[in-house]
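Quick note: the sequence shown uses this note's numbering, first residue 6, plus one each step. Built from N, CA and C at the ideal position, the CB exists for glycine as well.
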Amino acid sequence: MTDQLIATATRNGAAGTEARRHTVRLDSFPHGGVAAVFGASGGIGGALSAALTESGHFNSVLGFSRAGDPRFDLTDEASVARAAETLAAAGELRLVIIATGMLHDGDVLPEKSWRELDAQRLARAFAINAIGPALLMKHLLPCLPRSGKATLAALSARVGSIGDNRLGGWYGYRASKAALNQLVHCASIELARRAPEAVCIALHPGTVATRLSAPFAPAAGLAPAEAARHLLGVIDRLAAKDSGSFHDWRGMPVPW
């Protein structure tokens with residue numbers, strides 16, 4: 006079966022009380038339907054899946070990842086198409102969150118200088134951070150309902166902002182996330198013609214304590230569960246007029 010995350014927040018003792026206190030509400034969406042998280046085995050993706058399940062707002066929450074069964078491969082369009090078929094069969098698709106991304110690959114860290122630029126590393130960054138999400142948009146945006154709020158949110162990064170770039174470096178990650186932002190913006194324009202109430206957005210999750218950020222901020226960052234609550238709160242507040250925009254975890258616009 007698909008890696009379907011029906012995780013339930015801990016309800017024992019203080020941990021359970023805390024979880025109930027922070028249950029996410031997604032009242033801007035029609036009740037029922039299906040939510041999907043791509044990259045569900047990652048720190049943020051797993052927390053998003055758990056928070057969506059805990060909300061009880063959707064009939065089902067499906068997670069897709071490299072660790073899933075069957076395994077989901079973001080770089081394989083046939084795998085993307087199969088995931089879209091699974092979601093179409095599961096019910097009315099109301100929310101898609103693309104929580105995939107690659108900042109570093111094992112010991113290969115982001116470039117500090119143009120001297121470190123390498124064609125294969127750049128191609129890999131674009132395959133994961135831009136091309137894979139583009140294929141997901143290709144196959145999933147046509148599955149969103151034509152009426153009522155539906156959302157596709159792709160996790161980008163503030164360092165993908167061209168206007169906010171004052172330090173340089175991290176060439177492949179910055180450029181591939183900037184490309185993702187443009188793809189989201191383009192898709193939002195086309196989506197509005199088909200589903201005027203739908204939203205297609207890029208989100209910056211902040212610095213989150215995950216494997217992705219560990220080499221660069223080992224003692225800092227939001228806990229994944231906290232980041233997930235913030236992100237879902239932003240998704241809940243955004244409307245069709247915000248489609249095509251780039252916001253951070255607090256809901257503040259990020260410059261392109």
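Listed in chain order, the non-local C-beta contacts of Ser166 below 6 Å within the same chain comprise Val259 and Pro260, local neighbours out to five positions each way being set aside. Between Thr156 and Val85, the CB-CB gap reaches or exceeds 7 Å. According to DSSP, residue pairing for Cys205 in a beta bridge involves Leu157. In this structure, the beta-carbon distance from Asp241 to Leu100 does not fall below 7 Å. Counting only runs of 4+ residues, the alpha helix (DSSP H) found wholly inside the region 105-143 occupies 124-131, in chain order.
Ranking Ile194, Gly48, Glu59 and Leu160 by CA distance to the CA of Phe251 puts Leu160 first. Counting C-beta pairs closer than 8 Å gives three or more between the region 102-111 and the region 39-51, which meets the contact rule. The C-beta separation of Ile206 from Leu172 comes to about 25 Å, leaving the pair out of contact by the 8 Å criterion.
For Leu67, there is no enclosing alpha helix (DSSP H); the enclosing beta strand (DSSP E) has its first and last residue at Ser65 to Phe69.
Here Ala232 has Ile49, Ala52, Pro210, Gly211, Val213 and Trp254 as same chain residues with Cβ atoms under 7 Å from its own Cβ, once five neighbours each way along the sequence are excluded. Relative to the Cα of Trp175, the nearest Cα in the group Leu114, Ala124, Pro35 and Gly68 belongs to Leu114.
Val42 carries a strand assignment under DSSP once its states are collapsed to helix, strand and coil.
Taken through DSSP and simplified to helix, strand or coil, Val164 comes out as helix.
Sixteen is the threshold: since fewer than 16 other Cβ atoms of the shown chains lie within 10 Å of the Cβ of Met257, the residue is exposed. Minimum Cα-Cα distance from Gly106 among the listed residues Ser181, Leu67 and Gly153 corresponds to Ser181.
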